[in-house]
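Chains as they are written, first to last, in the numbering used here: chain A, 99 to 257; chain B, 56 to 709.
Beta carbons: idealized from backbone N, C-alpha and C, even for Gly.
Quick look at the structure:
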């Protein structure tokens with residue numbers, strides 16, 4: 099039915115970008131709501147609130163990069179047309195950052211909201227809040243690296 | 056850090072304190088009780104007066120800002136405090152009273168404005184209520200005549216003449232009455248009802264059961280006259296408001312004076328706060344304080360120059376504050392350290408190490424020669440033009456050094472605004488060059504060599520962690536806790552090195568692999584034997600074995616450094632994406648405009664997002680991975696008694 103794997107590769111790119119972006123969008127959205135509440139009281143905290151709000155935004159970037167690299171490798175923006183199995187490999191790789199990014203985006207968003215509440219009370223809590231929120235990030239990173247390593251090595255795999 | 060005790064004559068108090076405040080040499084030590092024979096002088100009321108003045112000026116500045124916003128440029132937040140000559144202080148002091156009357160005036164005007172606003176609301180409500188009565192040609196509180204009772208009021212229903220008459224008749228058929236409806240709408244009817252005075256109580260009962268109520272604003276004028284008066288008052292208020300606002304706006308050019316005066320009072324409040332802490336007798340007073348050791352000579356000279364006094368130094372105990380001293384290279388990172396915690400007396404000052412790794416890791420994550428260069432140049436210009444204050448200056452310097460490192464890592468990764476040079480070249484010539492082809496030095500492409508870069512990242516992480524543990528080793532060694540130094544820290548360091556050798560061995564030769572494994576196993580045995588040393592009996596073995604479980608935390612720490620690769624890659628790929636998008640519109644005039652637009656906006660977004668990411672994640676690597684190995688924190692920072700001002704900076708005598 100399929101003579102090449104480009105369809106699967108594109109589904110993979112979409113999954114990586116969309117799911118991870120979904121996680122980040124929800125995370126950043128929640129954090130932005132919380133920080134706007136704080137800013138309505140004290141607008142001088144904008145810089146700090148911005149940092150905490152943007153922290154859950156990285157998952158979306160990771161997802162986008164995986165999606166982009168798939169497009170670069172699979173013949174849409176360059177590279178060669180993948181075989182069916184290679185296409186499935188891209189699809190498989192995208193699941194890591196797609197799901198990992200989405201769920202960690204939710205979790206990091208919640209942590210961000212708490213961090214915002216914490217540093218709204220006392221500015222000195224800011225660095226602690228920031229570090230605590232980045233603790234969540236490692237899981238998105240691990241997912242990203244798995245996806246990345248697979249995506250960049252697929253063209254060399256003969257399947 | 057030393058403690059210092061200065062005993063001086065009371066007549067020199069003012070002079071001495073002023074000089075101490077100017078020089079910012081000592082931190083005043085608060086003591087709960089005064090020494091025997093001394094007492095404290097209560098200066099609270101003066102202090103409160105100054106603080107009230109500070110609050111008043113703050114209020115008036117805020118009011119001025121509400122009515123005539125101070126013009127501020129985008130870059131003005133970088134600006135340092137205005138420098139003033141020490142001689143100007145006398146002028147400020149003599150003007151202070153006048154400036155305070157200005158502030159009082161501003162605040163009272165603003166009070167009047169808010170009173171007027173409240174009155175406006177009240178009047179508008181009354182007007183709205185009177186609106187229903189505008190056709191009534193007698194006053195609302197018209198009294199009964201000899202023969203007739205008058206009821207003026209409203210019902211909570213909509214009635215017409217007939218339906219209201221019918222309802223009243225229904226309530227009390229015997230009642231004789233006349234009525235006139237003034238106003239009727241959904242859920243409200245305003246009416247005037249006349250009854251014979253003899254039936255007044257009967258009428259009251261009947262009307263009450265229909266929900267009759269008298270109006271809220273009784274007045275002895277007819278509604279028409281009343282509304283006219285109220286409207287006139289509104290106009291009057293409006294005119295007043297305009298006048299007040301105009302006066303306030305006129306006063307806005309006193310803003311600078313108010314700021315300066317605010318600082319003047321702030322400084323005086325600080326000084327009186329210190330006087331509160333002093334031990335005094337009739338003729339002498341004593342200052343207790345902390346002073347960094349190297350400044351003691353300077354302090355002694357200063358005190359002896361300005362006052363008749365006796366200065367005595369002694370060693371400080373554990374609760375003394377800590378002053379960080381660092382060279383130009385490391386100083387900008389001090390903020391990062393104090394954001395975590397100031398070092399306790401047991402700690403070493405890790406700022407130089409922190410600074411090095413901060414610059415290094417930030418550069419690796421941001422990794423773009425173009426962005427790095429842009430940071431260095433932009434910050435250089437800001438520093439030159441705005442002369443920011445120390446705090447801001449250090450922050451900017453931090454990013455400038457980070458920019459240098461970013462520049463070099465960008466060259467290593469072959470990224471100059473992503474692949475902008477080749478993207479532009481290809482756009483104009485139609486060639487298909489890559490960055491690796493045009494750069495004369497060997498580069499690492501994070502997209503192709505990701506695995507290698509990840510190994511490099513983790514290797515850097517290993518070095519970082521080992522340096523952190525090295526600090527722990529050094530601290531323990533200095534405190535002569537040799538067991539902790541060698542067993543708790545040394546063995547783990549050896550074990551990590553063993554793993555590293557083992558890793559190298561896997562890639563190269565069998566012999567090295569065996570050596571690495573040997574070291575790791577030997578260290579593991581050592582740990583099992585030593586880690587349970589504080590426990591008894593069987594606990595010794597369990598404690599030793601359990602400590603091996605810590606290896607998982609070291610593994611997760613090391614893996615955490617893979618973010619160096621991830622963020623580096625993010626910057627590069629995003630830049631590349633924007634370059635690709637910008638050259639997509641083809642070679643035409645419109646295409647060229649789009650290209651410039653997308654490139655500028657795209658790279659600006661990329662810089663914003665990834666500089667933030669790099670900053671946050673570098674910080675995390677320092678705090679979580681490195682500091683957890685050795686840094687205790689919890690110390691107090693040295694906060695000298697000084698001129699703490701917000702707007703002005705008094706030049707030092709030179």
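Any idea what DSSP makes of residue 586 (chain B), helix, strand or coil?
As a position in the second chain, residue 586 (chain B) is number 531, starting the count at 1. Three-state DSSP puts residue 586 (chain B) in coil, outside helix and strand.
Using 10 angstroms around the beta-carbon of residue 216 (chain B), count the other beta-carbons present and answer buried if the total reaches 16, otherwise exposed.
By 1-based counting over the second chain, the position of residue 216 (chain B) is 161. Burial call: exposed.
For a cutoff of 7 Å on Cβ pairs, would you count residue 242 (chain A) as touching chain B?
Along the first chain, read from residue 1 onward, the residue named residue 242 (chain A) stands at position 144. Yes, because at least one Cβ of chain B sits closer than 7 Å to the Cβ of residue 242 (chain A).
What residues in the segment 626-646 of chain B have a beta carbon less than 8 Å from any beta carbon of chain A?
628, 629, 632 and 635
Starting from residue 320 (chain B) and walking both ways along the alpha helix (DSSP H), at which residues does that stretch end?
For the purposes of this step, residue 320 (chain B) is identified with residue 265 of the second chain, where counting begins at 1. Element bounds for residue 320 (chain B): 310-332.
Along the alpha helix (DSSP H) that carries residue 86 (chain B), what are the first and last residues, could you check?
In the second chain, counting from the first residue as 1, residue 86 (chain B) sits at position 31. Unbroken run through residue 86 (chain B): none, as it is neither H nor E.
Can residue 345 (chain B) and residue 76 (chain B) be called in contact, C-beta distance under 7 Å?
Reading the second chain from its first residue, position 290 is the one you call residue 345 (chain B). Reading the second chain from its first residue, position 21 is the one you call residue 76 (chain B). In this structure, residue 76 (chain B) does not lie closer than 7 Å to residue 345 (chain B) by Cβ.
Could you tell me which uninterrupted beta strand (DSSP E) segments, each at least 3 residues in length, are contained entirely in the segment 208-294 of chain B, listed from first to last along the chain?
233-240 and 243-251
Helix, strand or coil for residue 709 (chain B)? Go by DSSP, reduced to three states.
By 1-based counting over the second chain, the position of residue 709 (chain B) is 654. Because residue 709 (chain B) carries a pLDDT of 44, less than 50, the predicted location of this residue cannot be relied on, and the following value inherits that uncertainty. Looking at residue 709 (chain B) - three-state DSSP - the assignment turns out to be coil, as it is neither helix nor strand.
7 Å Cβ cutoff met for residue 435 (chain B) and residue 471 (chain B):
Here residue 435 (chain B) refers to the residue found at position 380 of the second chain. Here residue 471 (chain B) refers to the residue found at position 416 of the second chain. Cβ atoms of residue 435 (chain B) and residue 471 (chain B): not closer than 7 Å.
Tell me the residue span of the beta strand (DSSP E) that contains residue 370 (chain B).
Your numbering for residue 370 (chain B) matches position 315 in the second chain. Run containing residue 370 (chain B): 364-370, per the beta strand (DSSP E) assignment.
Can you confirm whether residue 711 (chain B), when its beta carbon is compared against all beta carbons of chain A, has any partner nearer than 7 Å?
Outside the displayed range of chain B (56 to 709) lies residue 711 (chain B), so it cannot be described from this structure.
Check the Cβ-Cβ distances between residue 709 (chain B) and every residue of chain A, and say whether any is below 7 Å.
Working through the second chain from its first residue, we reach residue 709 (chain B) at position 654. The predicted position of residue 709 (chain B) is uncertain, since its pLDDT is 44 and thus under 50; a value taken from the coordinates is nonetheless stated next. Output row for residue 709 (chain B): interface = no.
Thinking residue 174 (chain B) and residue 292 (chain B) are a contact (beta carbons under 8 Å), I'd like their distance in whole angstroms, please.
Walking along the second chain from the start, residue 174 (chain B) turns up at place 119. Walking along the second chain from the start, residue 292 (chain B) turns up at place 237. Contact holds; Cβ gap of about 6 Å.
Measuring alpha carbon to alpha carbon, tell me which of B:705, B:582, B:560 and B:317 ends up nearest residue 572 (chain B).
For the purposes of this step, residue 572 (chain B) is taken as the residue at position 517 of the second chain. Minimum Cα distance to residue 572 (chain B) is reached at B:560.
May I have a chain-ordered list of the alpha helix (DSSP H) segments no shorter than 4 residues that lie completely inside the segment 570-614 of chain B?
593-602
Quick one: residues in its chain with C-beta nearer than 7 Å to the C-beta of residue 271 (chain B), no 5 flanking neighbours on either side, listed in chain order?
Residue 271 (chain B) sits at position 216 when you count from the first residue of the second chain. Contacts found: 184.
Short check: CB of residue 334 (chain B) to CB of residue 89 (chain B), under 7 Å?
In the second chain, counting from the first residue as 1, residue 334 (chain B) sits at position 279. In the second chain, counting from the first residue as 1, residue 89 (chain B) sits at position 34. Cβ distance < 7 Å, so residue 334 (chain B) and residue 89 (chain B) count as in contact.
Cβ of residue 144 (chain A) within 7 Å of any chain B Cβ:
The sequence position of residue 144 (chain A) within the first chain is 46, counting from 1. No, no contact with chain B.
Can you check which of these residues, A:257, A:158 and A:106, is closest to residue 206 (chain A) by C-alpha distance?
Position 108 of the first chain, counting from 1, holds the residue named residue 206 (chain A). Closest by alpha carbon: A:158.
Is there contact between the segment 436-443 of chain B and the segment 517-525 of chain B, where contact requires at least three CB pairs shorter than 8 Å?
no
Give me the DSSP bridge partner(s) of residue 57 (chain B).
Taking the second chain and counting its residues from 1, the one referred to as residue 57 (chain B) is at position 2. DSSP, once it has assigned bridges, lists B:346 and B:370 as partnering residue 57 (chain B).
If I'm right that residue 501 (chain B) touches residue 627 (chain B) with Cβ under 8 Å, what's the distance once you round it to whole angstroms?
Here residue 501 (chain B) corresponds to residue number 446 of the second chain, with the count starting at 1. Here residue 627 (chain B) corresponds to residue number 572 of the second chain, with the count starting at 1. The pair is a contact, with the Cβ atoms about 6 Å apart (cut-off 8 Å).
What is the rounded straight-line gap between the Cα of residue 709 (chain B) and the Cα of residue 356 (chain B)?
Counting from 1 along the second chain, the entry for residue 709 (chain B) is found at position 654. Counting from 1 along the second chain, the entry for residue 356 (chain B) is found at position 301. Because residue 709 (chain B) carries a pLDDT of 44, less than 50, the predicted location of this residue cannot be relied on, and the following value inherits that uncertainty. For residue 709 (chain B) and residue 356 (chain B), the distance between alpha carbons rounds to 16 Å.
How many Å lie between residue 215 (chain A) and residue 136 (chain A) at the Cα?
To locate residue 215 (chain A), count along the first chain from 1; it is residue 117. To locate residue 136 (chain A), count along the first chain from 1; it is residue 38. Those two C-alpha atoms are separated by around 8 Å.
Which residues of the segment 485-507 of chain B have a Cβ closer than 8 Å to any Cβ of chain C? Give them in chain order.
Among the protein chains in the structure shown, which are A and B, there is no chain C.
Could you give the residue range of the beta strand (DSSP E) that holds residue 139 (chain B)?
For the purposes of this step, residue 139 (chain B) is identified with residue 84 of the second chain, where counting begins at 1. Residues 137-139.
Residues of chain B with CB closer than 8 Å to the CB of residue 225 (chain A), please, in chain order.
Working through the first chain from its first residue, we reach residue 225 (chain A) at position 127. What residue 225 (chain A) touches in chain B: 394, 395, 674 and 678.
Output needed for residue 112 (chain A): all residues of its chain with C-beta closer than 6 Å, excluding positions within five of it in sequence on either side, in chain order.
Counted from its first residue, the first chain places residue 112 (chain A) at position 14. Same-chain partners within the cutoff: there are none.
Is the shortest distance between the beta-carbon of residue 100 (chain A) and the beta-carbons of chain B less than 7 Å?
Residue numbering aside, residue 100 (chain A) sits at position 2 when the first chain is read from its first letter. So no, residue 100 (chain A) is outside the interface.
For residue 224 (chain B), collect the residues of the same chain with a Cβ closer than 8 Å to its Cβ; drop the 5 residues on either side in sequence, then sort them by chain order.
Stepping through the second chain from its first residue, residue 224 (chain B) is reached at position 169. The answer, listed in chain order, is 230.
Spatially closest choice to residue 263 (chain B) from B:281, B:243 and B:210, by CA coordinates:
On the second chain, position 208 is the one that residue 263 (chain B) refers to. Ranking B:281, B:243 and B:210 by Cα distance to residue 263 (chain B) puts B:210 first.
Three-state secondary structure assigned by DSSP to residue 687 (chain B):
Translated into the one-based positions of the second chain, residue 687 (chain B) becomes position 632. Three-state DSSP puts residue 687 (chain B) in coil, outside helix and strand.
Mind checking the segment 595-624 of chain B against chain A and listing, in chain order, the residues whose C-beta falls within less than 8 Å of any C-beta there?
611, 614, 615, 617, 618, 620, 621 and 624
Determine, using beta carbons only, whether residue 451 (chain B) comes closer than 7 Å to chain A.
As a working note, residue 451 (chain B) is residue 396 in the second chain. By this cut-off, residue 451 (chain B) is not an interface position.
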